[in-house]
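To start, the structure itself, in structure tokens.
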Amino acid sequence: MTSSTLLSDSHEVIGMLWSDAQSPEQTRLLGLARDAIHFVFATGQRYQFSDFREALSSDTHPAATVGPPPDGSASIEERMDGAAGFFTKLRDEADSSEEKKRLQVFLDAFHFIALTGQTGAFGEYLEHVEAGAPPYAIASFDTREEAEAWLGNHPNPPDFANVLIANGYHDVFHDRETNVRRLLRNRGLEYYLAELAQEEPPVAAASFASLEEAEAWLTAQPEPARWAWVSIAGEPYLAVYHPNIGHRALYPLSMAKGYELPPDAPQGSA
Numbered sequence: 410m411t412s413s414t415l416l417s418d419s420h421e422v423i424g425m426l427w428s429d430a431q432s433p434e435q436t437r438l439l440g441l442a443r444d445a446i447h448f449v450f451a452t453g454q455r456y457q458f459s460d461f462r463e464a465l466s467s468d469t470h471p472a473a474t475v476g477p478p479p480d481g482s483a484s485i486e487e488r489m490d491g492a493a494g495f496f497t498k499l500r501d502e503a504d505s506s507e508e509k510k511r512l513q514v515f516l517d518a519f520h521f522i523a524l525t526g527q528t529g530a531f532g533e534y535l536e537h538v539e540a541g542a543p544p545y546a547i548a549s550f551d552t553r554e555e556a557e558a559w560l561g562n563h564p565n566p567p568d569f570a571n572v573l574i575a576n577g578y579h580d581v582f583h584d585r586e587t588n589v590r591r592l593l594r595n596r597g598l599e600y601y602l603a604e605l606a607q608e609e610p611p612v613a614a615a616s617f618a619s620l621e622e623a624e625a626w627l628t629a630q631p632e633p634a635r636w637a638w639v640s641i642a643g644e645p646y647l648a649v650y651h652p653n654i655g656h657r658a659l660y661p662l663s664m665a666k667g668y669e670l671p672p673d674a675p676q677g678s679a
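Residue numbers (the numbering used here): 410 to 679.
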């Protein structure tokens, strides 16, 4: 299975396993497995994950430091252990070798996260998802020149991940075979804002006369919410906090104009 098909294939597997009549526990286990795959891709680690899986299939051990989990991640490890047991049972009971391989991907994702010491980061990512926060970003830069210098000098560039440039979302593209590296503007935030406004119509948590006042307020917050509506000079804005990169931003809802989904569109399709 190639990296380009792994994400879509994992969605298909979860969809096949999902049932309206399933227990709350099974819902949690399937959701955790889905999010483990998403974490790998959202953090730009598709090449590292591919290498990890190849090493496992070759009966070798990938280089990894295994130690005690970071503070607060023990519960994440317990949840991962429970999900790994669930998927191990599914894999062992699968009828075909192809089905076993597809289920093994989720087990490999759990092992990858644990053996590379990323349980704490995965826990933070889960908090991000559960909060309904804006698209996940792995870095932020004030200018495109700074971002291009970072990407050009990166020894192992991420791929299939978001970075912020002057608060704008960009895809990081890296082709390992050709070493081509690019930053491509994306509109994930605009679609997110449009959908959020439909699901959570703006009710300002605070109001400000100017953008400068709002920025000062957001900067002064020791631990802001992942997102909150505010009003600036009478206009709705979304205040955003990315704790993984220590970044705060204010986005006008007007950015979402033209990116609204039809009323009957599936939620989360942006």
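Where a beta carbon is used, it is the ideal one built from N, C-alpha and C, also for glycine. Remember, it's a predicted structure, so these values are computed and weren't measured experimentally.
query                                                                                                : result
Distance between Ala606 and Ala679 (C-alpha atoms, nearest Å)                                        : A caution first: Ala679 carries a pLDDT of 39, below 50, which makes its placement in the model unreliable, though a value can still be read off. Computed Cα separation, rounded: 13 Å.
Residue of Glu486, Gly541, Arg443 and Pro661 minimising C-alpha distance to Asn576                   : Pro661
Continuous beta strand (DSSP E) stretch holding Arg745: start and end                                : The structure shown has nothing for residue 745, since the chain only spans 410 to 679.
Neighbourhood of Pro566 by C-beta, 8 Å cutoff - its chain only, sequence neighbours within 5 removed : Gly453, Leu560, Val581, His583 and Arg590
Whole-angstrom distance between Val422 and Leu512, CA atom to CA atom                                : 8 Å
Backbone CA spacing between Ala556 and Ser505 [nearest angstrom]                                     : 46 Å
Where Ser419 sits in the DSSP three-state scheme                                                     : helix
Residue burial classification, Tyr424 (beta-carbon count within 10 angstroms, cutoff 16)             : Note on identity: in this sequence residue 424 is Gly, with Tyr being the wrong assignment. It is exposed - the Cβ of Gly424 has fewer than 16 other Cβ atoms within 10 Å.
Sequence-distant residues of its chain with Cβ nearer than 7 Å to Ala614 (five each side left out)   : Ala637, Trp638 and Val639
DSSP beta-bridge partners of His568                                                                  : Reading the sequence as shown, one finds Asp at residue 568 and not His. Paired residues: Gln454.
Burial state of Pro564 (16 or more Cβ within 10 Å)                                                   : exposed
Residue range of the unbroken alpha helix (DSSP H) whose run includes Trp559                         : Arg553 to Asn562
7 Å CB neighbourhood of Leu426 in its chain, flanking five on each side removed                      : Leu439
Three-state class that DSSP yields for Tyr650 in the structure shown                                 : strand
6 Å CB neighbourhood of Arg462 in its chain, flanking five on each side removed                      : Asp517
C-alpha distance - Leu499 paired with Ile654, whole-angstrom precision                               : 37 Å
Delimiting residues of the beta strand (DSSP E) encompassing Val581                                  : Gly577 to Asp584
Backbone secondary structure at Ser432 - three-state DSSP                                            : coil
Three or more C-beta pairs below 8 Å linking the region 584-604 and the region 620-634               : no
Rounded C-alpha distance that separates Phe496 from Ser549                                           : 36 Å
Cβ distance (whole Å) where Phe531 is taken to contact Ile522 below 8 Å                              : 5 Å
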